[in-house]
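The listed protein sequences derive, respectively, from chains A and B.
Residue numbers for the first sequence follow my numbering, so the first one is 1 and each next one is one higher.
Residue numbers for the second sequence follow my numbering, so the first one is 296 and each next one is one higher.
C-beta: ideal position from N, C-alpha, C; glycine also.
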Amino acid sequence: MTLMSPATRKVLKSYSGYLFVVPYLALFGLFLLFPLLYGLGLSFYKRELLSVVPAHFTGLNNYTEAMHDAYFWKSLFATLRFVAICAPLTVTLALTIAIGLSRVKGRMQTLLRAAYFAPTVLTVSVAGIVWRWFYNSEFGLFNAYLKHVGMKAPWLTNTGWALASIAIMTLWWTVGGPTVVLLAGVHNIPPQYHEAASLDGADGWLAIRHITLPLLRPVLLFVIVMNIIGSFQVFGQTFMITRGGPEMSTRSLVQYIYETAFNNYRMGYAAALSWLLFLIIAVFSAVQFRLMREK
Amino acid sequence: MLRLVKRFNEANPDVNILMQRMDWSTYYNKLFVSGMGGRAPELFVLQTLAIPRFARARFVRPIDDLVAGQNPIDIADLDPNVWQAVHVGEHHYGLPLDIWPMGMYYNKKLFREAGLVDASGEPKPPTNRAEFMDAVHRLTRMRQFDTGPQQQWGFTFTYFESNLYTLMCQFGGEFFTPDLSRCIINNPKNVAALQFCVDLIRKEHCAPPPENFDSWIGFRQGKVGIVFEGIYMLADLQKQRDLEYAGAPAPQIGDRPGVWGGSHNLCIRADLTGKELDATWRFIKFLSDNSLDWAAGGQVPVRRSLRDSARFRSMEVQSQFARQIANVFYLPRLPFIFEFQTEFNSAVEKALRGSSSPQEALDLAAANLNKIIDRDREAGA
Numbered sequence: 001m002t003l004m005s006p007a008t009r010k011v012l013k014s015y016s017g018y019l020f021v022v023p024y025l026a027l028f029g030l031f032l033l034f035p036l037l038y039g040l041g042l043s044f045y046k047r048e049l050l051s052v053v054p055a056h057f058t059g060l061n062n063y064t065e066a067m068h069d070a071y072f073w074k075s076l077f078a079t080l081r082f083v084a085i086c087a088p089l090t091v092t093l094a095l096t097i098a099i100g101l102s103r104v105k106g107r108m109q110t111l112l113r114a115a116y117f118a119p120t121v122l123t124v125s126v127a128g129i130v131w132r133w134f135y136n137s138e139f140g141l142f143n144a145y146l147k148h149v150g151m152k153a154p155w156l157t158n159t160g161w162a163l164a165s166i167a168i169m170t171l172w173w174t175v176g177g178p179t180v181v182l183l184a185g186v187h188n189i190p191p192q193y194h195e196a197a198s199l200d201g202a203d204g205w206l207a208i209r210h211i212t213l214p215l216l217r218p219v220l221l222f223v224i225v226m227n228i229i230g231s232f233q234v235f236g237q238t239f240m241i242t243r244g245g246p247e248m249s250t251r252s253l254v255q256y257i258y259e260t261a262f263n264n265y266r267m268g269y270a271a272a273l274s275w276l277l278f279l280i281i282a283v284f285s286a287v288q289f290r291l292m293r294e295k
Numbered sequence: 296m297l298r299l300v301k302r303f304n305e306a307n308p309d310v311n312i313l314m315q316r317m318d319w320s321t322y323y324n325k326l327f328v329s330g331m332g333g334r335a336p337e338l339f340v341l342q343t344l345a346i347p348r349f350a351r352a353r354f355v356r357p358i359d360d361l362v363a364g365q366n367p368i369d370i371a372d373l374d375p376n377v378w379q380a381v382h383v384g385e386h387h388y389g390l391p392l393d394i395w396p397m398g399m400y401y402n403k404k405l406f407r408e409a410g411l412v413d414a415s416g417e418p419k420p421p422t423n424r425a426e427f428m429d430a431v432h433r434l435t436r437m438r439q440f441d442t443g444p445q446q447q448w449g450f451t452f453t454y455f456e457s458n459l460y461t462l463m464c465q466f467g468g469e470f471f472t473p474d475l476s477r478c479i480i481n482n483p484k485n486v487a488a489l490q491f492c493v494d495l496i497r498k499e500h501c502a503p504p505p506e507n508f509d510s511w512i513g514f515r516q517g518k519v520g521i522v523f524e525g526i527y528m529l530a531d532l533q534k535q536r537d538l539e540y541a542g543a544p545a546p547q548i549g550d551r552p553g554v555w556g557g558s559h560n561l562c563i564r565a566d567l568t569g570k571e572l573d574a575t576w577r578f579i580k581f582l583s584d585n586s587l588d589w590a591a592g593g594q595v596p597v598r599r600s601l602r603d604s605a606r607f608r609s610m611e612v613q614s615q616f617a618r619q620i621a622n623v624f625y626l627p628r629l630p631f632i633f634e635f636q637t638e639f640n641s642a643v644e645k646a647l648r649g650s651s652s653p654q655e656a657l658d659l660a661a662a663n664l665n666k667i668i669d670r671d672r673e674a675g676a
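What follows is the structure, encoded as structure tokens:
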């Protein structure tokens, strides 16, 4: 029997942690870090798949072009509008549902939680096609109901309505995820706090405001950040439902990047647009972390 | 198509064709990327509009030697404009299988109600501008539907690209200079064609504004008298038993006949040789020879000999649409075709919705396309 010296044991102990993360690091490096850095490099090149001129370094040209590209700004504006409509609505609704569900006891809570989560398991293509039918101006479900009160809404055909309509569909489709996370957060709040508050006469809104929300802060931060990131990356819904129309009012930045890369084969420029989106998301996320940092 | 593949496989035991179906919306992306990775299928379909870019990327094999080789195909059996459309540089890059000319679908019941009939009482589709304007005016009125009183429209714009490209071509409009060095989409004839369409909505009130109307569904629901659509929409109508419809050539509204159209072309991977190439060409010839079976599903074969057959003549709508083949205008042959389509459709949409005047919308499209041309020239076009 051999005994390890304390120094050897210490070294092994410190390396064992790395061994556990190696599988993930390998996948992370191969499928995320490498493409990310490759994309960053590509963004400084003029690489067009249809060009007979080989790819060549152009410095910041792709980024300069984006600054003067009206379609970039239009799709960025559409994306920002989507984020502004969708993210607050999703978080507020998810929080409301989570707090409501936390007060429902037993099997009914499980049933309702499953019901709210159910749409999330649908793929974007299924959800998109179904809602495209719902919104159809001639035979859609919503206009069929509105017809009874003599109305017909231009859900997807009016530039002012289309993005909001897609945000409503997204709300239905995605609210289940954050609801479940927030519900878990609410359950983790020790019941003694609410009992003590109740004895002091703080119930209902006061308890939510002064106990639930402050103690949910880390979970809420996670949900808000993830939701905003997800909203910035909107693509599937707009692509399936409106293809970016009418008049490109729902063409998101990710759709523009996709079309630039895979319809127009401008890989360098698409990479630059992707990095601009990444920077925008990073700035938004940093600001949120700063604003909601624990004091 | 699957039945044709099965028949070929049975008749050719030395060849096994595996067919893969894909959605058009992502088809070209997947095909291009698979081509880049050397994993493209031996044989694939390209719409005519996509041929220049795939030819430039050198993914497609020219077929001139095969057409004139040991297993030849009689090119004289194709209309000259159809064969010319697959010509890029010095070669032809695919064998056209079918052609989809845009044409006119009309609601026979609404025509009869509006008194648009011939001497024998049969619905009479318009053939020129005067008849078209008369028809759309007489067809437009308020009427009682199952769901309540609603506007019945004489005409509606379905697919902006096909509808407007048709009218612009009929008005004599051009899109690029002959050497493709400048975009001239904003020329007065195109502006006039677009203005004519805007007037149908805003001035004549014979077509609904596109803001809140599903045009094709509206036609299927019997709320519209006339639409211009491709032959490929026939399959959709064939499913609908309660709609009395018919097909006819699009009326000549401008100074010359013309309709938007396209073709599916059978194309061969550039590096194919030997037995694989022989088998692929054998299959292409089989499909071309049997394209009447393909036509039954709502297509028009490009082979004139097949169109002359009694079987094709019995296909009512297809044979009507086929009368326009000599006047089919394909989209310009450009490597940046999708960018052209984006700009074209965007300009038309803005004008029809009233967001821009036709002149402003086409000026912007021309400016954007000229920037794309400059970029493309730099790319070594």
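Coarse secondary structure for residue i, derived from DSSP in three states
i, result
"D393 (chain B)", "strand"
"W448 (chain B)", "strand"
"H500 (chain B)", "coil"
"P336 (chain B)", "coil"
"R107 (chain A)", "helix"
"Y401 (chain B)", "strand"
"F523 (chain B)", "strand"
"N304 (chain B)", "helix"
"Q233 (chain A)", "coil"
"P54 (chain A)", "coil"
"N423 (chain B)", "strand"
"P418 (chain B)", "strand"
"R356 (chain B)", "coil"
"Q533 (chain B)", "helix"
"V493 (chain B)", "helix"
Test: residue i CB closer than 8 Å to a CB of chain B
i, result
"M169 (chain A)", "no"
"N62 (chain A)", "no"
"P154 (chain A)", "yes"
"M67 (chain A)", "no"
"E195 (chain A)", "no"
"G35 (chain A)", "According to the sequence as given, residue 35 (chain A) is Pro; it is not Gly. Not one chain B Cβ lies under 8 Å of P35 (chain A)."
"T157 (chain A)", "yes"
Residues sharing a beta bridge with residue i, DSSP
i, result
"H387 (chain B)", "B:H382"
"W555 (chain B)", "B:F624"
"Y540 (chain B)", "B:N402"
"E48 (chain A)", "A:R266"
"P596 (chain B)", "B:D393"
"N560 (chain B)", "B:L341 and B:P391"
"R81 (chain A)", "Answer by DSSP bridge pairing: none, since R81 (chain A) is not bridged."
"C478 (chain B)", "B:F471"
Min CB distance residue i to chain A below 8 Å
i, result
"P505 (chain B)", "yes"
"E539 (chain B)", "no"
"P630 (chain B)", "yes"
"I526 (chain B)", "no"
"S641 (chain B)", "yes"
"F470 (chain B)", "no"
"E634 (chain B)", "yes"
"I512 (chain B)", "yes"
"S650 (chain B)", "yes"
"R348 (chain B)", "yes"
"D509 (chain B)", "yes"
7 Å Cβ cut-off: residues of chain A touching residue i
i, result
"A352 (chain B)", "L49 and L50"
Contacts that residue i makes with chain A (C-beta to C-beta distance below 8 Å)
i, result
"Q654 (chain B)", "The contacting residues do not exist; Q654 (chain B) stays about 18 Å from chain A at best."
"E644 (chain B)", "G245, P246 and E247"
"M331 (chain B)", "L49"
Chain B contact residues for residue i, given Cβ-Cβ distances below 7 Å
i, result
"M248 (chain A)", "S641"
"F262 (chain A)", "N324"
Under 9 Å from the C-beta of residue i: neighbouring residues of chain A
i, result
"Q516 (chain B)", "E138 and F139"
Positions along the region 133-144 of chain A whose CB lies within less than 7 Å of some CB in chain B:
Shown in chain order are the members of the region 133-144 of chain A whose Cβ falls below 7 Å from a Cβ of chain B: N136, S137, E138 and F139.
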